[in-house]
Structures are given as C-alpha cells and as structure tokens.
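Quick note on numbering: UniProt numbering labels position 84 of the sequence shown as 84, and the sequence is numbered without any gaps.
Built from N, CA and C at the ideal position, the CB exists for glycine as well.
I have placed the structure first, in the form of structure tokens, so that the comments after it can refer back to it.
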Amino acid sequence: MPTDANDAMLDIDFKVDVVFSPAVTVELVEPAATLAQTLATMHELYSKDRVNAVRGQHFIKTLHGYIANQLRSRLHPTAVSAGIQVIEEASILGSHKTKDVDVAVVHPTSGPLVLVGVRSQMSSVGKNVLTYYQDIVGEAVSLQDRYPMTVHSYVYLHPYAYTEIKKATNKQPERSVVITPDHARYAKMYRAIAGRDDKLYRTVSGIYDQFAYLVVDFEESPALLRDDIVAAASPDTDLSINTFVDRLIDTYKRRNIWLDLFT
C-alpha cells in the first residue's frame, strides 16, 4: 500500500508496466477510416456547402476523427484496459490557461502523453496565415511549458485553390477570382516549427515534435492530396499526413521507453 504521493505514483507506474499481458481481454477498436475515405467525406461536405465547410466544424472534425481513430487503432489493448484514452476536444491546462486540444492521448493519472492540434484554413489564406502561425507557436509554448515530455504535434490544411468573391468597384463589377495560395512558402514556414530535438526537447519551446501540412485539391473528385508540392518545398523534413501518426508514435516510443502503449 503506498504511503505518500510519490509512492502512489510509483505504484501506478508499476501497475501500468506489468499489465501488458495476453490474458487481458478488452473490447476491440473498430477499424479506422483510411485517409482516402476521410478526404472523400470532406470533399462531399465541401462540395455540398462551401461556406459551411469554411465556417462550420463538421468539415474539420472529420479530420480530427481520422487522426483520433488512427491513434485508437494503434493503442495496445492493455493500454486501453489501463485507462489510456484518445480524446477529441480535450481541455488541457497550459502554462496560463486551459487549452482546447483537438486530439489528445491521455493517461488517467499522468495526464497528456500525445497532443495534436488541427486547423483548416479554406479561405483568406494570405490575409490570415501569419496570425494563425503566431497562434500555433504560442500554443506550443504554453503546452510545452507544462508538459515538456508530451509529444506535441500539429496538422494544418490548405486548399490547393479556392474561389473568392471580389466586390464591385468603380472600374469592375463583382466577380469571382480563383486564388492559389503560396503553398511552397507555407510548407517552409511549417518546416521551421517542426522537429523538436529528441535529446534537448526539455529545453526547446515553440517547436512541434511532428507536423503535417496538407494541400488538398477539392476541385478534383476524388479530392487530391498534393504531397508533391509540400515535399518539393520541404525535402529534408517529412510533413506528410500519410506518415503523421507513425511519426507521432515513433517519437512517443523514443521518449517513453518504459511505457510502450502503442502497437
């Protein structure tokens, strides 16, 4: 029986460590949706109502769900039996206030083990991208101050192109203009805040362990993921959503060799 808080924590850690046994039976997780299925659903939502896709939550929460389900499908069954959860829209205490984190892998007593922020910016990209960039760096600083060992990550989605309505002027009538964002520039920006050092992570702040930058052409059917654009702009840093969950889990395993929760 533990006699104080430190003993209690050691007791909990010990139990989690030895619980990984083939004799444990838990409910199996449903197969996770593939990325292609996720993009197909997002394409359908975008095609039906572009305004709501930009302003509403269902569109981006489809991507939240994909990432959460991919992580759930990789949890060891005995990690689930030990109370490890993958939570969407988790309230996580940062350095100064509570943050709403889109996807979190949470231990029942030790707190967040993996955190994933997710954002889509489907319009006014050039106007707002730097403001959002500043926001996500600040979010990393706040959460890393409180949880330096947690795996911190982010997923950012831009359309390959989008249509913008220009208001009428004295010289021109109201018109539709197709805007193609500077994806190469943005890929380099996100590369600059990715890849927190495996050895020095306790002293590094404002840099994510892993980052995924999606450029998706929603005018194509099925929606076309343009990883080629991102890879050309960031050849030395993997920003692909296809490898994102694998990279998260690899980072977690390197940092937590005594508590392997993932298959």
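Best match in the options for proximity to residue i [C-alpha to C-alpha]
i: valine 103; options: Asp228, Ser153, Ala187; result: Ser153
i: methionine 189; options: Lys167, Tyr213, Arg196; result: Tyr213
i: valine 116; options: Tyr160, Asp135, Lys127, Asp100; result: Asp100
i: serine 81; options: Asp209, Val54, Arg72; result: Arg72
i: valine 137; options: Ser205, Thr251, Glu164; result: Ser205
i: lysine 253; options: Thr98, Pro181, Thr150, Leu143; result: Thr150
i: alanine 79; options: Val106, Val177, Ser221, Val54; result: Val106
i: alanine 187; options: Val177, Glu174, Lys171, Asp228; result: Asp228
i: lysine 259; options: Ala90, Ser110, Pro159; result: First, the amino acid is wrong: residue 259 is leucine here, not lysine. The residue with the shortest Cα to Cα distance from leucine 259 is Ser110.
i: alanine 140; options: Ala53, Ile207, Asn170, Pro77; result: Ile207
i: proline 108; options: Ile87, Arg175, His96; result: Ile87
i: glutamine 144; options: Tyr160, His96, His58, Ala36; result: His96
i: lysine 199; options: Glu89, Arg255, Asn242; result: Arg255
i: glutamate 220; options: Thr34, Ala33, Ala40, Leu35; result: Ala40
i: isoleucine 179; options: Ser142, Lys61, Lys127; result: Lys127
8 Å contact criterion, which residue i and residue j should meet: CB distance rounded
i: leucine 248; j: valine 114; result: 6 Å
i: aspartate 209; j: threonine 237; result: That belief does not hold up - the Cβ atoms of aspartate 209 and threonine 237 are roughly 12 Å apart, past 8 Å.
i: proline 112; j: isoleucine 84; result: Contact flag wrong, Cβ pair sits at about 11 Å.
Cβ-Cβ distance between residue i and residue j below 8 Å
i: phenylalanine 218; j: valine 155; result: no
i: alanine 168; j: methionine 42; result: no
i: threonine 38; j: leucine 63; result: yes
i: arginine 146; j: glycine 94; result: yes
i: tyrosine 162; j: serine 120; result: no
i: arginine 185; j: leucine 239; result: no
i: valine 125; j: proline 181; result: yes
i: proline 159; j: arginine 202; result: no
i: isoleucine 193; j: serine 176; result: no
i: valine 216; j: leucine 157; result: yes
i: asparagine 242; j: leucine 35; result: yes
Residues that DSSP places opposite residue i in a beta bridge
i: glycine 85; result: The question names glycine, but residue 85 is glutamine in the sequence shown. DSSP output for glutamine 85 lists Val106 as bridge partner(s).
i: residue 301; result: The structure shown does not extend to residue 301, since the chain is modelled only from 1 to 263, so the question has no answer here.
i: isoleucine 179; result: Tyr162
i: alanine 194; result: Tyr208
i: arginine 119; result: Tyr156
i: phenylalanine 262; result: Leu75
**Study point:** Three CB pairs or more closer than 8 Å across the segment 56-73 and the segment 129-136
**Key:** no
Practice item. Evaluate the contact criterion for the segment 44-63 versus the segment 225-238: three or more CB pairs, one atom per stretch, below 8 Å. Key: no
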